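Have a look at the structure below before the remarks.
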Amino acid sequence: TLKGIPTHIDAYICGNIIKNAKSVTVPNTNGLKGLKAAIAAGVAVGDSKNDLEILSSLKEKDLYIINDFLEKDKIHIHLATNCKSLYINLKGYLKTDFVEIIIEDLHNNITFIKKNNQVILAKDDIIKKKKQEYNLLNVKDIINFANTVDLTELRPFLLRQIEYNSQIAIEGLKNNYGA
10 TLKGIPTHID AYICGNIIKN AKSVTVPNTN GLKGLKAAIA AGVAVGDSKN DLEILSSLKE
70 KDLYIINDFL EKDKIHIHLA TNCKSLYINL KGYLKTDFVE IIIEDLHNNI TFIKKNNQVI
130 LAKDDIIKKK KQEYNLLNVK DIINFANTVD LTELRPFLLR QIEYNSQIAI EGLKNNYGA
């Protein structure tokens, strides 16, 4: 990673993410929306150890960094072409240093990290592995499982999922989270 806040970031992002994230409110940012706000918030936190809850550690002081990034137009969004449906390539610059991070397939799946000319991480393609797992599934076996599974074992998981989905739906009806 860079030793400090980048002077600017080039973000190469697939159309699917651009479309879905352009109007989404970024958590803990006092209502800021969109990709640039999300990237700036990630820079302000600067630590990915909280995985998909990275923005839960945003503090009031971080809003100054976020707003500075947005006001000075330090983030440039580019449409990535010939890429997966979830693809984010961030290139951050600070003085003579350069960091590139690629996220693919899953929102928390960092597949590539390079600092200056040194590759720090290069992961295998997770989708290839998943497709191999999916090849084990077929309609006949899925129907057989659905007709024969003992629901008493699954009941706690299903009830918890119903509760979570119900809470999400109620919250969505009470508040305005979209554009």
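Here the sequence shown is numbered in the working numbering, starting from 10 and rising by one per residue.
Idealized CB from N, CA, C, for every residue including glycine.
Keep in mind the model is a prediction, meaning the values are calculated, not measured.
Backbone secondary structure at residue i - three-state DSSP
{"i": "LEU99", "result": "strand"}
{"i": "LEU115", "result": "coil"}
{"i": "ASP133", "result": "coil"}
{"i": "GLU69", "result": "coil"}
{"i": "VAL108", "result": "strand"}
{"i": "THR38", "result": "coil"}
{"i": "VAL158", "result": "coil"}
{"i": "LEU79", "result": "helix"}
Which residues DSSP lists as bridging residue i, in chain order
{"i": "LEU163", "result": "Bridge partners of LEU163: none, in fact."}
{"i": "LEU146", "result": "For LEU146, which the question treats as bridged, DSSP gives no partner whatsoever."}
{"i": "LYS31", "result": "Per DSSP, none; premise fails for LYS31."}
{"i": "GLU18", "result": "Per the sequence shown, the amino acid found at residue 18 is Ile instead of Glu. Answer is ILE84 and GLY101, bridged to ILE18."}
{"i": "LYS93", "result": "Bridge partners of LYS93: none, in fact."}
{"i": "GLN127", "result": "LYS124"}
Residues near residue i in its chain [Cβ-Cβ closer than 7 Å; skip 5 each side]
{"i": "ASP19", "result": "HIS85, HIS87 and LYS100"}
{"i": "ASN174", "result": "none"}
{"i": "ALA131", "result": "PHE121"}
Own chain, CB closer than 8 Å to residue i, minus 5 neighbours either side, in chain order
{"i": "VAL35", "result": "LEU41, LYS42, GLY43, ALA46, ALA47, ALA50 and LEU64"}
{"i": "THR16", "result": "LYS83, TYR102, LEU103 and LYS104"}
Classification of residue i by the beta-carbon crowding that lies within 10 angstroms, buried from 16 upward
{"i": "PRO165", "result": "exposed"}
{"i": "THR120", "result": "buried"}
{"i": "GLU69", "result": "exposed"}
{"i": "VAL52", "result": "buried"}
{"i": "THR105", "result": "exposed"}
{"i": "VAL158", "result": "exposed"}
{"i": "THR161", "result": "exposed"}
{"i": "LEU146", "result": "exposed"}
Neighbourhood of residue i by C-beta, 6 Å cutoff - its chain only, sequence neighbours within 5 removed
{"i": "ILE129", "result": "ILE122"}
{"i": "ASN25", "result": "SER94"}
query = Are there three or more Cβ pairs, one per stretch, closer than 8 Å when the segment 90 to 108 is compared with the segment 69 to 80?
reply = Taking a contact to require three or more Cβ pairs closer than 8 Å, the segment 90 to 108 and the segment 69 to 80 do not qualify as touching.
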